[in-house]
Structure formats: C-alpha cells, structure tokens
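Notes follow the structure.
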Amino acid sequence: MKKFRLYWDTEKETAWLNEMAKEGWNVTGFNMGFYTFEKCEPEEYQYQIDTSDKLFKCSDKYRDFMESVGIEIVCCWGVWVVLRKKTSEGKFELYSDDESRLEHLYKILNIYKIVMLIEIGCMMVNVYPAIFHNSIENFIAAFIVSLFVVLFGYMIRITKGRINKILENKGEKVSGVAKNPMATNCVGWLFLMCSYAINNSHSESLFMDIISIVLGLTACVFFGLSLRTSGLNKKNKTK
C-alpha cells in the first residue's frame, strides 16, 4: 500500500507512522512524499525519526550502533532516517534525557535554518528577472519559493519553542521564541517587488491587477510581522 503525505514536523510524522503501525501497517520505504506500507500484526513495531550523519544515507558506524541496540533502519531520505524497533522489546525512545533532546532539536533547528537560507537565495535569484524583465515564470517561481521560506520560518519558530520548553523545565532563563525578523522582512520585500513588477508589466488583465493589489497588501502584513518581531526582541533584551 502507498500513501502520500507531506510532513515538515518530524514529531507529527512519527505519531502518524506509529498510528499506522497500531492499525497493522508497517512503513517500508519513503520517496518524495510517498510512503510504502506492508501489512503486519498490529503494534508489531514502534517508529522514530532521526537525523542521519550523511545525506541520503547512513554511515557504517551509525548502522552498527543502531543494530547493537536492536534498532532497525527502515529508510533514509535527505537528512532524515526512519527507525523502528520491536514493541515487544519495550518503549522505543531515542532521546531519553533533556541534554540529548536539546542536542537533537538544535541539530534540526540548524537544518531548517540552512534550508531557509538556500530558499531565500533561490527566491532572490528569481526576483530580478521578475521585476526588471517582467518575467511571469520567474514571478511564479519566486512566489512558490517564498511560501517555502515562510514554511521553514514557521518550523524554526516551532523548534525554538520546543527548545525553550525544555530549557524552562530545567529552570534556565530563555528569551522569546521570535528572534530574527530577517526572513519575514525578505518575504515582505519579495511580495512588494512582485506587485511592482506586475504594475509595470502594463497588463490590461483585471485578474493581474487584483493579484498586484493582493501582493501589495500581503507585503504590508509581512512588514508588520517583521516590526512586531523586532519589538519583541527589544522587549526581551530589556528584561
């Protein structure tokens, strides 16, 4: 059986895989959003998702360690690896203490940051021809990439929140979740420049005029969010 899902949050993805296992479906592979399942006994395995030590594969050292503790590697995709363990062997928990959880979350946070910076670079590459050459193709590409920038910005916020929750439980002082308004500001400028490009394209289409207005208003929303984030940062620094 195959199922298509797009998960950006590994905790939600792990919960879904374990729910499928409870119903008698074990995941055997993953490729670009498509999960492959095979029928099995309900709750035969428990699943966890980890970060691999290599891209699209695991090192022999990683594999040997997992095998030594009774954990099976199901598949690798990008930096993520799906792991499983027999339910009969007890609770499957990769990171059982705060320090290891924090290390894992910081690693995920850095991955999201790197991907978001790459997406911002791709977005900017498409902005120039979209504005100065009135390229609709580049405008569409920049718009799609900007959505991914927003998505990864959101996941960075979620991950920081989880990190702060652990730090609070340890009694350590934490600052606000929102720290860097750069991504929000960049997306705001993208929408504003795309709106400007459409206005200068001399298009007589009412649809394009409406899109231009919507993009301009969306840019204002993102600029407002950026200012709010900056205000929160200053407020946190004064505490």
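In the numbering used here, the protein residues as written are 87 to 325.
Heads up, the beta-carbon is just placed ideally off N, CA and C, and yes, glycines get one too.
If you're wondering where the values come from, they're calculated on a predicted model, not measured in any experiment.
What's the gap between the Cα of T304 and the Cα of S145?
45 Å
When the distance is taken between beta carbons, is T173 closer than 8 Å to Y133?
Taking 8 Å as the Cβ cut-off, Y133 and T173 do not qualify as a contacting pair.
Any idea what DSSP makes of E158, helix, strand or coil?
strand
Which residue comes first and which comes last in the beta strand (DSSP E) that contains G115?
W111 to N117
Bridge-paired residues (DSSP) for V167:
As a beta-bridge residue in DSSP terms, V167 pairs with D136 and C162.
Can you tell me which residues form a DSSP beta bridge with F123?
In DSSP, F123 forms a bridge with V113.
Touch check for the stretch 240-248 and the stretch 192-203: three-plus C-beta pairs under 8 Å?
yes
Between the alpha carbons of V307 and V300, how many angstroms are there, rounded?
11 Å
Are T114 and V160 touching if we call contact CB-CB under 8 Å?
yes
Starting from F229, trace the alpha helix (DSSP H) in both directions and tell me its first and last residue.
I222 to N255
At the level of alpha carbons, what is the spacing between F229 and L237?
So the two alpha carbons sit approximately 13 Å from each other.
For I157 and S138, what's the separation of their Cα atoms in angstroms?
14 Å
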